[in-house]
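The listed protein sequences derive, respectively, from chains A and B. Per this note's numbering, residue 61 is the first one in the first sequence, and the count goes up by one each step. Per this note's numbering, residue 61 is the first one in the second sequence, and the count goes up by one each step. Using N, Cα and C, we set each Cβ at its ideal position, and we do this for glycine too. Keep in mind it's a predicted model, so treat the numbers as computed, not measured. Structure first, then comments.
Number of protein chains: 2
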Amino acid sequence: MREFLKTKGFKMTPQREIIFRAFFEIGDHVTVDELYRRVRKSDNSVGYSTVWRNLKLICRVGLAEEVNLGDGVTRYDRVTREPHGHFYCVQCKQVTEFEMEEIVAKLHPIADKQLFHVDTIKCEISGVCETCQKKTDDDDDTPLVS
Amino acid sequence: MREFLKTKGFKMTPQREIIFRAFFEIGDHVTVDELYRRVRKSDNSVGYSTVWRNLKLICRVGLAEEVNLGDGVTRYDRVTREPHGHFYCVQCKQVTEFEMEEIVAKLHPIADKQLFHVDTIKCEISGVCETCQKKTDDDDDTPLVS
DNA sequence: CGGCTAAATGAAATCGAATTTCAATTTCAA
DNA sequence: TTGAAATTGAAATTCGATTTCATTTAGCCG
Chain A
61 MREFLKTKGF KMTPQREIIF RAFFEIGDHV TVDELYRRVR KSDNSVGYST
111 VWRNLKLICR VGLAEEVNLG DGVTRYDRVT REPHGHFYCV QCKQVTEFEM
161 EEIVAKLHPI ADKQLFHVDT IKCEISGVCE TCQKKTDDDD DTPLVS
Chain B
61 MREFLKTKGF KMTPQREIIF RAFFEIGDHV TVDELYRRVR KSDNSVGYST
111 VWRNLKLICR VGLAEEVNLG DGVTRYDRVT REPHGHFYCV QCKQVTEFEM
161 EEIVAKLHPI ADKQLFHVDT IKCEISGVCE TCQKKTDDDD DTPLVS
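Below, the structure is given as structure tokens:
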């Protein structure tokens, strides 16, 4: 990793070491705050902005990407995996994934047709997860569109 | 519209009249600020928060939905149309659409399989639009990867 | 037509995540 | 070892989103 960063003009530091390690351990849909807490367990002197900057750095070097589920908090995903979309439960805020190979394959021709140069493709499905569906079978939340 | 709102327990006001009208005229991917400016042309005494609240209201009654393209600004789309995804040009910030009927049809079974109750489906493709591609053929922006 | 209550408004204040500033520290190539 | 450039931590700032609050208004009821 030190070498990889060097080739891109960045230095390795103890804090960065911890942050990178933590990020790749936690895995996906992490928020800055979550990662910050996690990092503090290893070294409680690491600053919030350092965690933030390094998360941005991980994105810049192409190892992660920002995920926006519309709840005002930015999450971060590793990009070292298959293309995938997200299920976002509006009740428990839990994020799960689904494989998106086929969807992506369908989307590319659409972009090509409009001569749009694609950087990233995102699919987000919001709704209620199985667990929360069961939980809210009774206590209904005054539906506006009855 | 007055009647429609009444059935949902809301009143009609001059400001609301203007805001609703403006929203459905402008059409899509409007930001609060854009709509606010537009509304002020009809009546420069309308407040920003009123525009914001009414945009939220339009969403609540199911006539619009929030669109999040990851640039920190919330946009609003009418929902009275075919399901569609968005192209977002990271250079000129322009938003265009693409038809998504078929994609949605493929996505639903995926959600069903995980027993996820779907509220909304969003597909966002970020990249560079045709116009901006031509514009930036020369002045390259120091690519980090490569 | 008044009177009344809930809803709506506008301005200003607040919130909160994201981002920047700045002085001090650290990395690492020469 | 040394110096330039990168990095860090804390605090400040930014900026869109949202709330507060005093005032006004819509629309139902008699």
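Where residue 186 of chain B falls: helix, strand or coil (DSSP)
strand
Name the DSSP bridge partner or partners of residue 89 of chain B?
None, per the DSSP bridge assignment.
Would you kindly work out how many angstroms separate the C-alpha atoms of residue 86 of chain A and residue 136 of chain A, rounded to a whole number?
11 Å
Give, in chain order, every residue of the region 164 to 195 of chain A whose Cβ lies closer than 8 Å to some Cβ of chain B.
166, 167, 170, 171, 174, 175, 176, 177, 178, 179, 180, 181, 182, 183, 184, 185, 186, 187, 188, 189, 190, 193
May I have the straight-line CA-CA distance separating residue 94 of chain A from residue 73 of chain B, to the nearest angstrom?
44 Å
In this structure, how does DSSP classify residue 172 of chain B when only helix, strand and coil are distinguished?
Residue 172 of chain B falls in the helix class under three-state DSSP.
Name the DSSP bridge partner or partners of residue 73 of chain B?
For residue 73 of chain B, DSSP assigns no beta-bridge partner whatsoever.
Hey, could you find the ends of the beta strand (DSSP E) residue 128 of chain B is sitting in?
124 to 128
Quick check on residue 164 of chain A: does DSSP put it in helix, strand or coil?
helix
Below 6 Å CB to CB, which residues in the same chain sit around residue 152 of chain A once its five sequence neighbours on both sides are set aside?
192
So what's residue 139 of chain B in DSSP terms, helix, strand or just coil?
coil
Assuming residue 119 of chain A is part of the alpha helix (DSSP H), what are its boundary residues?
Annotation for residue 119 of chain A: the continuous alpha helix (DSSP H) segment containing it runs 108 to 120.
With distance defined between alpha-carbon atoms, name the residue in A:129, A:160, A:184, A:139 nearest to residue 83 of chain A.
A:139
How many whole angstroms separate the CB atoms of residue 166 of chain B and residue 162 of chain A, which I take to be in contact at a CB cut-off of 8 Å?
7 Å
Buried versus exposed call for residue 184 of chain A [16 or more other C-beta atoms within 10 Å across all chains shown]:
Its Cβ being crowded by 16 or more others within 10 Å, residue 184 of chain A is buried.
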